Each structure stands twice: as C-alpha cells, then as structure tokens.
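A.B. asks: Heads up: the sequence shown begins at 7 in our numbering, then just goes up one per residue.
By construction, the Cβ of each residue, glycine as well, lies at the ideal position given by its N, Cα and C atoms.
Note that this is a predicted model, so its numbers are computed, not measured.
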Amino acid sequence: MTTIEAVGHVEPFTVHFDDLDAMGIVHNARYAVFLERALSNWWVERGHSYAGGRPTTSDVMHAVAEYSISYRTPVRGTGDIGVHFWLESLGESSAVYRFRIISADGQTVHAEGRRVNVKLDPRTLRPAPWSDHARSVCQELLAPVPAEELAQQV
7 MTTIEAVGHV
17 EPFTVHFDDL
27 DAMGIVHNAR
37 YAVFLERALS
47 NWWVERGHSY
57 AGGRPTTSDV
67 MHAVAEYSIS
77 YRTPVRGTGD
87 IGVHFWLESL
97 GESSAVYRFR
107 IISADGQTVH
117 AEGRRVNVKL
127 DPRTLRPAPW
137 SDHARSVCQE
147 LLAPVPAEEL
157 AQQV
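#1: Check for me: the beta strand (DSSP E) holding GLU17 runs from which residue to which?
#2: Let me check understanding here. Comparing Cα to Cα, which of ASP27, LEU126, ASN34 and GLY30 lies closest to HIS68?
#3: Give me the Cβ distance between TYR77 and ALA117, rounded to the nearest whole Å; I'm assuming they're in contact under 8 Å.
#4: In terms of residue numbering, what span does the alpha helix (DSSP H) encompassing TRP48 cover?
#5: When you compare the segment 78 to 93 with the segment 18 to 26, are there three or more beta-carbon pairs, one atom per stretch, that lie closer than 8 Å?
#6: Which of the three DSSP states is assigned to LEU26 in this structure?
#7: Roughly how many angstroms separate the alpha carbons of VAL124 and TYR56, rounded to a whole number?
#8: Rounded to a whole number of angstroms, what is the C-alpha to C-alpha distance between THR1 and ARG104?
#9: When the Cα of CYS144 is compared with those of ARG120, SER95 and ARG132, which residue comes out closest?
#10: Just checking PHE23 against the ligand FAD - is the residue's beta carbon closer than 7 Å to any of the ligand's heavy atoms?
#11: Helix, strand or coil for ASP86 per DSSP?
#12: For TYR73, is the classification buried or exposed, using 16 other Cβ atoms within 10 angstroms of its Cβ as the cut-off for buried?
#13: Which residue comes first and which comes last in the alpha helix (DSSP H) that contains ALA140?
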C-alpha cells in the first residue's frame with residue numbers, strides 16, 4: 007500500500023439528530039459548528055481554553071476574519087464523521103486553517119473550506135502576535151502525518 011502524506015489532525019465527530027434539516031441531511035450551518043468544536047477540542051487538549059469564564063492563555067482571544075465552505079456530498083443522517091483540519095499558514099497575528107468534513111472511513115469529502123483567525127489583544131481588540139507557546143503547538147498542524155494514521159484517528 008502506498009502511503010499518502012497528509013497534514014493536520016482528524017477529530018472524530020458524531021452527527022446528532024438535531025444537526026439535521028427537514029430532508030434528513032446535515033444543515034449547512036452545522037458544518038461551521040463542527041469545525042469550531044473540533045478546533046476547540048484540539049486546543050483544549052493543549053492547554054488553550056476557557057476555565058471559570060476566563061481564557062487560560064492570551065491565544066484564546068481571537069476572532070474569525072474570513073470563512074468559506076464548499077459543500078460536496080451531503081452527510082445523510084446521524085453517525086460518525088471526521089473533521090480534518092490543518093494550518094495552511096501562521097502569520098504574526100493570523101492563522102489560516104484549511105478543513106474537510108469527511109466520512110468516518112476518510113473516503114468521502116462532504117465539505118471543505120478555509121477559515122482565517124486573527125489573534126486579538128483583549129484590551130484593545132486589535133491584532134496581537136501569537137505567543138511562542140502557541141507557535142510551537144501549531145507546528146503539529148503543519149507537519150505531515152501518514153494517511154494510515156489519519157484513518158486510524160477517525
């Protein structure tokens with residue numbers, strides 16, 4: 007078997023009944039929520055979250071500056087899927103994520119897109135540089151991961 011190099015992380019995710027529209031497919035607005043939750047879970051595991059209503063690091067303070075999504079194949083019904091995401095680039099205060107919503111086996115791309123985050127200074131709400139720690143953690147999303155390992159993560 008040929009190993010295809012891929013980047014990033016696949017977060018296993020479960021589609022619930024309330025994610026569906028009247029046709030029994032995932033409602034278009036839920037794809038953004040799926041990505042948000044997958045990214046949040048990934049960052050929480052690395053110490054970046056909200057605890058007691060306060061950010062645990064300054065890097066948690068960011069805003070979405072751009073979001074685009076292309077829908078490919080509907081997710082029909084409830085069950086397991088994967089949210090595959092990686093960093094396309096990391097600037098001084100911006101982070102460009104790419105993502106795909108995929109089937110649990112990784113064979114079907116349901117949607118794909120791009121999201122740009124900008125880190126903000128909590129007092130001024132102006133762009134601020136990412137911390138050295140966040141930059142270090144982000145390297146994991148830039149590094150190649152064997153396709154077989156991605157498939158095992160779902």
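C.D. replies: Concretely, from the data shown:
#1: Against the sequence shown, residue 17 aligns to sequence position 11. Here the beta strand (DSSP E) through GLU17 covers 15 to 21.
#2: Working through the sequence shown from its first residue, we reach residue 68 at position 62. Residue LEU126 is the option with its Cα nearest to HIS68.
#3: If you number the sequence shown from 1, residue 77 lands on position 71. If you number the sequence shown from 1, residue 117 lands on position 111. Going by Cβ atoms, the distance from TYR77 to ALA117 rounds to 5 Å, so yes, they are a contact pair.
#4: The residue you call residue 48 lines up with position 42 of the sequence shown. Looking at the DSSP string, the run of the alpha helix (DSSP H) that includes TRP48 is 36 to 50.
#5: yes
#6: Numbered from 1 along the sequence shown, position 20 holds the residue referred to as residue 26. Here LEU26 sits in strand by DSSP.
#7: Taking the sequence shown and counting its residues from 1, one reaches residue 124 at position 118. Taking the sequence shown and counting its residues from 1, one reaches residue 56 at position 50. Rounded to the nearest angstrom, the two C-alpha atoms are 18 Å apart.
#8: Given that the chain is displayed from residue 7 to residue 160, the structure contains no residue 1 and the question cannot be resolved.
#9: For the purposes of this step, residue 144 is taken as the residue at position 138 of the sequence shown. When each option's Cα is compared against that of CYS144, the closest is SER95.
#10: With respect to the ligand FAD, the structure offers nothing, as it holds no ligand at all.
#11: Looking up residue 86 in the sequence shown gives position 80. In this structure, ASP86 counts as strand in the three-state DSSP scheme.
#12: In the sequence shown, counting from the first residue as 1, residue 73 sits at position 67. Answer is exposed; the Cβ neighbour count stays below 16.
#13: Taking the sequence shown and counting its residues from 1, the one referred to as residue 140 is at position 134. Start and end: 138 to 148.
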